[in-house]
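Asks: In terms of numbering that gives the first Met the number 0, the sequence shown is residues 0 to 281. My questions all concern the structure below.
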Amino acid sequence: MKRILTIQDISCLGKCSITIALPVLSAMGVETVILPTALLSNHTLFPEYTKLDLSGQMLPIADMWKRNGVHFDAIYTGYLGTPELIDETARVIDMFRDENTLVFIDPVMGDNGKLYRGFSEDYASRNRKLCGTADLIMPNITEACLMTGAKYRETYDESYLRELCIRLCETGAKMTVLTGASLLEGKTGVYGMDSRTGEIFFYQNDKVSVSYHGTGDLFASTAVGAMIRGFSVRDAMKMAADHTADTIRATMKNPGNPWYGVDFESTLPDLIGRIQKLENSD
Ligand code: PXL
């Protein structure tokens, strides 16, 4: 079984980061080791939250793993918390990376043209540096603009997405996948570029009109899980986009209306089915 290390915060309430990555990756048949960067009472879209910075723990934990001879097939990072935590994360990646370790970075820091609460421009520039070390990065359009200095647009055409990808490839990341990228009215999906070949790829599905917190984390976890299970980047992105859209639709049916997160639990069986179906078609 492949082993992945995911480095993100733990938000105790409000499904996101590790509380999505761990169950999703486990369900996909990947051994998932966690390194929490911070412990929050709840995610930062609630009116208030507590936050304990765990930077003092990260290197002692990583050192202990090193002493115990652990190897990771992949490292996947998401919301980290502070510029210093980004630097600590970079150090942990350096400690464990070898030629067989894939590094996936989701530079979680904003949406709808704005940084999330608690982040400054410094956070964006450190994230840009971290992205430069990745095999694959998965920013949304807001995060892409924050890291490249490009102007954020609500409406755009394909040349805008292509330009963003070119600028993101300039960070040094081997592959860039823009999430929440729309090529047609009523559609959304991914638009990516391989920096080594300049090859473009995209996938679009129907846009669901509501937005829930944590969908970016569900998308990234699913895409990473599929790639680790051996699917091509294209197949992994398609699976993640379809699965995320289905999960949003399932969440809409919940009469409890969980504004603080998606009902990813209800679609885990479908996700396992997707993995098995693609595996059987090989
Ligand atoms: O889903 C991204 C995310 C992760 N972790 C925390 C957050 C957010 C987005 O707001 O606040 C703590």
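Built from N, CA and C at the ideal position, the CB exists for glycine as well.
#1: On a Cα-Cα basis, can you pick out the residue from VAL261, GLY260 and PHE218 that is closest to ASP241?
#2: Along the alpha helix (DSSP H) that carries TYR122, what are the first and last residues, could you check?
#3: Using C-beta distances below 7 Å, list every residue in its chain close to LEU12, excluding the 5 sequence neighbours before and after it, in chain order.
#4: Taking its Cβ as the centre, do 16 or more other Cβ atoms sit within 10 Å of PRO138, making it buried, or is it exposed?
#5: Please list the segments of the alpha helix (DSSP H) lying wholly inside the stretch 52 to 130, counting only runs of 4 or more residues, in order along the chain.
#6: Would the C-beta of GLY112 count as close to the ligand PXL, meaning under 8 Å from any of its heavy atoms?
#7: Identify every run of the beta strand (DSSP E) within the stretch 199 to 261, keeping only runs that are complete inside it and at least 3 residues long; order them along the chain.
#8: For VAL189, which residues does DSSP report across the bridge?
#9: Can you give me the C-alpha to C-alpha distance between PHE263 and ASN256, rounded to a whole angstrom?
#10: Under 8 Å: does the beta carbon of TYR78 sit that close to some heavy atom of the ligand PXL?
#11: If you drop the 5 nearest sequence neighbours on each side, which residues of the same chain put their C-beta closer than 8 Å to that of LYS173?
#12: Given a threshold of 16 other Cβ atoms within 10 Å of its Cβ, counted over all protein chains shown, does VAL209 qualify as buried or as exposed?
#13: Please report the straight-line C-alpha distance between HIS70 and ASP93, rounded to a whole angstrom.
#14: Using only the alpha-carbon positions, how far apart do PHE118 and ILE19 sit?
#15: Among all the DSSP beta bridges, which residues are the ones paired with ALA172?
#16: Count the other C-beta atoms from every protein chain shown that fall within 10 angstroms of the C-beta of GLU142, then say buried if there are 16 or more, exposed otherwise.
#17: Going by the C-beta, is GLN56 closer than 8 Å to any heavy atom of the ligand PXL?
#18: Could you tell me if GLY197 is buried or exposed, where buried requires 16 or more neighbouring beta carbons within 10 angstroms of its beta carbon?
#19: Which residues does DSSP pair with PHE6 in a beta bridge?
#20: With DSSP collapsed to three states, give me the class of SER181.
#21: How should MET63 be labelled, buried or exposed, when 16 other C-beta atoms within 10 angstroms of its C-beta is the threshold for buried?
#22: Check whether the Cβ of SER10 lies closer than 8 Å to any heavy atom of the ligand PXL, and answer yes or no.
#23: Which residue wins for smallest C-alpha separation from ILE85, given the options GLN7, GLY112 and ALA239?
#24: Which partner residues does LYS50 have in the DSSP bridge list?
#25: Please work out which residues of its chain come closer than 6 Å, Cβ to Cβ, to GLN203, disregarding the five sequence neighbours upstream and downstream, and give them in chain order.
#26: Pull up the distance between the alpha-carbon of PHE45 and that of GLY260, whole angstroms please.
#27: GLU287: buried (16+ other C-beta within 10 angstroms of its C-beta) or exposed?
Replies: Working from what's here:
#1: The sequence position of residue 241 within the sequence shown is 242, counting from 1. It is PHE218.
#2: Counted from its first residue, the sequence shown places residue 122 at position 123. Its alpha helix (DSSP H) spans residues 120 to 130.
#3: Within the sequence shown, the letter at position 13 stands for residue 12. Within the same chain, LEU12 has close Cβ partners SER40 and ASN41.
#4: The residue given as residue 138 occupies position 139 in the sequence shown. When all chains shown are included, PRO138 counts as buried.
#5: 54 to 66, 82 to 95 and 120 to 130
#6: Here the question's residue 112 lines up with position 113 in the sequence shown. No - the ligand PXL has no heavy atom lying nearer than 8 Å to the Cβ of GLY112.
#7: 199 to 205
#8: The residue you call residue 189 lines up with position 190 of the sequence shown. VAL189 pairs with TYR202.
#9: Reading the sequence shown from its first residue, position 264 is the one you call residue 263. Reading the sequence shown from its first residue, position 257 is the one you call residue 256. Computed Cα separation, rounded: 13 Å.
#10: The residue labelled residue 78 in the question sits at position 79 within the sequence shown. Yes, the Cβ of TYR78 comes within 8 Å of a heavy atom of the ligand PXL.
#11: Here residue 173 refers to the residue found at position 174 when the sequence shown is read from its first residue. Contacts found: ALA133, ASP134, LEU135, ASP193, SER194 and ARG195.
#12: By one-based count along the sequence shown, residue 209 stands at place 210. Label assigned to VAL209: exposed.
#13: Along the sequence shown, one-based indexing puts residue 70 at 71. Along the sequence shown, one-based indexing puts residue 93 at 94. Their backbone Cα atoms lie some 12 Å apart in a straight line.
#14: By 1-based counting over the sequence shown, the position of residue 118 is 119. By 1-based counting over the sequence shown, the position of residue 19 is 20. Distance between the alpha carbons of PHE118 and ILE19 is about 22 Å.
#15: Position 173 of the sequence shown, counted from the first residue, corresponds to residue 172. According to DSSP, ALA172 bridges with nothing at all.
#16: For the purposes of this step, residue 142 is taken as the residue at position 143 of the sequence shown. It counts as buried.
#17: As a position in the sequence shown, residue 56 is number 57, starting the count at 1. No, the ligand PXL has no heavy atom inside 8 Å of this Cβ.
#18: Taking the first residue of the sequence shown as position 1, residue 197 is located at position 198. It is exposed - the Cβ of GLY197 has fewer than 16 other Cβ atoms within 10 Å.
#19: Taking the first residue of the sequence shown as 1, we reach residue 6 at position 7. One detail in the question is off: residue 6 reads as Ile in this sequence, not Phe. DSSP output for ILE6 lists LEU34 and THR76 as bridge partner(s).
#20: In the sequence shown, residue 181 corresponds to position 182, counting from 1. The answer is coil: DSSP assigns SER181 none of H, G, I, E or B.
#21: In the sequence shown, residue 63 corresponds to position 64, counting from 1. Per the 10 Å Cβ criterion, exposed.
#22: By 1-based counting over the sequence shown, the position of residue 10 is 11. For the ligand PXL, at least one heavy atom lies less than 8 Å from the Cβ of SER10.
#23: Taking the sequence shown and counting its residues from 1, the one referred to as residue 85 is at position 86. Measuring from the Cα of ILE85, the nearest candidate turns out to be GLN7.
#24: On the sequence shown, residue 50 is found 51 positions in, with the first residue counted as 1. Paired residue(s): LEU39.
#25: Position 204 of the sequence shown, counted from the start, is the residue given in the question as residue 203. Once the five neighbours on either side are set aside, the close Cβ partners of GLN203 are LEU182, LYS186 and GLY188.
#26: Within the sequence shown, residue 45 is the residue found at index 46, counting from 1. Within the sequence shown, residue 260 is the residue found at index 261, counting from 1. Cα-Cα distance, rounded: 11 Å.
#27: Nothing about residue 287 can be reported from this structure: the residues present for the chain run from 0 to 281 only.
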